[in-house]
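Taken in order, the sequence shown gives residues 2 to 130; the numbers are from our numbering. We put the beta carbon where it would ideally sit given N, CA and C, even for glycine. None of these values were measured; they are calculated from a predicted model.
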Amino acid sequence: VYREGIERLSSNCAQAASRCGVKKFVEVSTAQVYCGDKKPMTEDSHLEPWTNLAKHKLEVEKNLASFGSDLNYAIVRPAIVYGLGDRNGLTPRIIIGAIYRYTRQKMQVVSLRTHNKPHINESLVSRPE
């Protein structure tokens, strides 16, 4: 899934940009490519991706270098992205919090140790009776 949805998609976009002669191709990566330390990072900080997303984003970054002078590109590594397309980050958490607030229910924390993964989604979403 990651290879198809991240690496291949970005590679296809970069190839199209190169063929069309775009002035600048911007790849939106992730700050998760840096090691998981809590200290501030710089562009020159050690790269040690700590999520599957980050591992594949870093592969995209490496592949962009293979275009050489055929593609003028920039890589942006935001710490967090949220909005309509956000399925794993901040947006779902905001929505779940809003649902609990609207239903006036106390948010329950689910432990991964005590629940099977397929049942987590059912446990997180409470329905008003």
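Helix, strand or coil for residue i, going by three-state DSSP, please let me know.
i	result
K25	coil
R96	The residue you asked about is not Arg; residue 96 is Ile in the sequence shown. In this structure, I96 counts as helix in the three-state DSSP scheme.
A55	helix
L72	coil
V2	coil
S12	helix
T43	coil
R20	helix
Roughly how many whole angstroms lie between the Cα atoms of residue i and residue j?
i	j	result
A75	R9	18 angstroms
K24	L72	8 angstroms
T104	I81	28 angstroms
R20	P93	37 angstroms
I97	L85	14 angstroms
T52	S70	30 angstroms
G37	G22	37 angstroms
M42	A32	9 angstroms
Y201	F68	What is shown of the chain runs 2 to 130, which leaves residue 201 out entirely.
S30	I95	23 angstroms
A99	K40	31 angstroms
Which residues in the same chain have their Cβ closer than 7 angstroms to the Cβ of residue i, if we skip the five residues on either side of it in sequence?
i	result
V34	L48, P50, A55, K58, L59 and R78
A18	F26 and L72
E44	none
Closer than 8 angstroms by C-beta to residue i: which residues in its own chain qualify, once you throw out the five before and the five after it? Chain order, please.
i	result
N64	E8, S11, S12 and A15
E28	S11, A15, V61, E62, L65, Y74, A75, I76 and V77
S46	Y35 and C36
Give me the DSSP bridge partner(s) of residue i.
i	result
Y83	Answer is none; Y83 lacks a bridge partner.
V34	Per DSSP, none; premise fails for V34.
L48	Y35
V77	V29
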